[in-house]
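S.K.:
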Amino acid sequence: MPHTMKTIFNVLDEQSFRYVWRLSLLMVLILLILSILFGNVIFLEPFYIFPITIVSWYGSKKSGLILATVSTILLLSIRAIDAELTPLALLSYGLPCLLSFSILAILITNFRNVHRVESAAAYTDTLTHINNSRCFYHELSNEMVRSLRYKHRLSLVYLDIDNFKLINDSRGHGEGDNLLIAVAKSLTESLRKTDIVARLGGDEFACLLRETGQDEAKSAFSKATDLLKKRMKSGRWPVTFSIGLVTFEKMPEDTKEAMRIADELMYSVKNSAKDDISYMVWNGNA
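Counting along the sequence shown from 1, when you hit position 219 you're at 233 in the numbering used here, and nothing is skipped either side.
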């Protein structure tokens, strides 16, 4: 059952709000028909929480309150048709429904907002405000699945700052933090919005270039290295970068293997001349 619910929410996550709104209205309509047919036998009011919850989670507080009001009006209409009730009787029935549905919509929306903030924090590097390693591995895993399914290539960049410890030791950790922020800013500004930039920890960064072959990756990342050099010169930081860029024509076994390949390529630069970028096309033979 939990797996089924997870699958349902995964499907809804990929849909537009218009789709979710129509689905919620359809659920209310089905409940309305069932209430007309079996209202005297089955107490269906609690089931209205499902469409209200869905539209509140994927929409806004306003949309949740609108559906709560619509549901209450429809339930009141059925009661008015089934029996001749006094205005006071209708009020005593409708007001609790409206309050319950409205409170539910508000609570769901507030919980969703808190959930989104906490989820974003869990996937964000606190210093640079870009993605952290947890987020990067998650995105890389998803992209590898997509690449296998649609036969796409992807390119993976592993970047390490040379002589970063020297900055921390000579100028203090505050200046080191400023350098890391400048690197993060340079990478995010120079790459596409669809690419994933992350700080893995310390002075190591990674970039995921979606649906990108070797030539495209070289062209895209040359802009990044140019901006990095410009920013380092502007900040008077005497550092360079050791970079490994791997293009996967075939997907490796898992994300750890992909990162290992990129990491080893980066260290081949770091252990030799530094201040360089090494390229590789991986097709499963390495």
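Here a beta-carbon is modelled for each residue, glycine too, at the ideal position from N, C-alpha and C. In this text, all values refer to a predicted model and were calculated from it rather than measured experimentally.
Going by the beta-carbon positions, is the gap between residue 277 and residue 283 smaller than 8 Å?
M.R.: The count along the sequence shown starts at 1 and reaches residue 277 at position 263. The count along the sequence shown starts at 1 and reaches residue 283 at position 269. No. Outside cutoff.
S.K.: Going by C-alpha distance, which of 200, 55, 132, 133 is nearest residue 236?
M.R.: As a first step, residue 236 is located in the sequence shown; it is residue number 222 there, counting from the start. Of 200, 55, 132, 133, the residue nearest in Cα terms is 200.
S.K.: CA-CA distance, residue 7 and residue 68?
M.R.: Outside the displayed span of the chain (15 to 300) sits residue 7, for which this structure offers no information.
S.K.: By the 10 Å Cβ neighbour count, where 16 or more other Cβ atoms means buried, how is residue 60 classified, buried or exposed?
M.R.: Numbered from its first residue, the sequence shown carries residue 60 at position 46. Exposed.
S.K.: Return the chain-ordered list of same chain residues with a C-beta closer than 7 Å to the C-beta of residue 142, the five sequence neighbours on each side being excluded.
M.R.: Indexing the sequence shown from 1 puts residue 142 at position 128. Counting only Cβ-Cβ distances below 7 Å, and skipping sequence neighbours, we find 194, 195, 198, 213.
S.K.: Find out if the Cβ-Cβ distance for the pair residue 180, residue 260 is shorter than 8 Å.
M.R.: Here residue 180 is taken as the residue at index 166 of the sequence shown, counted from 1. Here residue 260 is taken as the residue at index 246 of the sequence shown, counted from 1. No; because the gap between Cβ atoms is not below 8 Å, this pair is not in contact.
S.K.: For residue 210 and residue 221, what's the separation of their Cα atoms in angstroms?
M.R.: Taking the sequence shown and counting its residues from 1, the one referred to as residue 210 is at position 196. Taking the sequence shown and counting its residues from 1, the one referred to as residue 221 is at position 207. Cα to Cα, residue 210 sits roughly 5 Å from residue 221.
S.K.: Could you tell me if residue 146 is buried or exposed, where buried requires 16 or more neighbouring beta carbons within 10 angstroms of its beta carbon?
M.R.: Here residue 146 is taken as the residue at index 132 of the sequence shown, counted from 1. Residue 146 should be labelled buried.
S.K.: Could you give the distance in angstroms between the alpha-carbon of residue 110 and the alpha-carbon of residue 90?
M.R.: By one-based count along the sequence shown, residue 110 stands at place 96. By one-based count along the sequence shown, residue 90 stands at place 76. Taking the straight line joining both Cα atoms gives about 11 Å.
S.K.: Could you have a look at residue 196 and say whether DSSP puts it in helix, strand or coil?
M.R.: In the sequence shown, residue 196 corresponds to position 182, counting from 1. Residue 196 falls in the helix class under three-state DSSP.
S.K.: Quickly, what does DSSP pair residue 174 with across the bridge? List them, please.
M.R.: Taking the sequence shown and counting its residues from 1, one reaches residue 174 at position 160. Per DSSP, 218, 256.
S.K.: Would you call residue 257 buried or exposed, if buried means 16 or more other Cβ atoms sit within 10 Å of its Cβ?
M.R.: As a first step, residue 257 must be located in the sequence shown, where it is residue number 243. Under this definition residue 257 is a buried residue.
S.K.: Given residue 31, which residues of its chain have a CB within under 7 Å of its CB, disregarding the five upstream and five downstream residues?
M.R.: Walking along the sequence shown from the start, residue 31 turns up at place 17. Hits under 7 Å: 72, 73.
S.K.: Going by the CB atoms, is the gap between residue 238 and residue 205 shorter than 8 Å?
M.R.: Indexing the sequence shown from 1 puts residue 205 at position 191. Indexing the sequence shown from 1 puts residue 238 at position 224. Closer than 8 Å, so yes.
S.K.: If you count every other CB in all the chains shown that lies within 10 Å of the CB of residue 174, and 16 or more means buried, which is it?
M.R.: For the purposes of this step, residue 174 is taken as the residue at position 160 of the sequence shown. Classification of residue 174: buried, given that the 10 Å Cβ count is 16 or more.
S.K.: How is residue 137 classed by DSSP in three states: helix, strand or coil?
M.R.: Here residue 137 refers to the residue found at position 123 when the sequence shown is read from its first residue. The answer is coil: DSSP assigns residue 137 none of H, G, I, E or B.
S.K.: Going by the DSSP bridge assignment, what does residue 169 pair with across the sheet?
M.R.: Working through the sequence shown from its first residue, we reach residue 169 at position 155. Bridge partners of residue 169: 223, 261.
S.K.: Using DSSP bridges, identify the partner residues of residue 295.
M.R.: Locating residue 295 in the sequence shown gives position 281, counting from the first residue. In the DSSP output, where bridge partners are listed per residue, residue 295 has 261.
S.K.: Residue 285 by DSSP, collapsed to three states: which one?
M.R.: Position 271 of the sequence shown holds residue 285. Note: residue 285 maps to coil in three-state DSSP.
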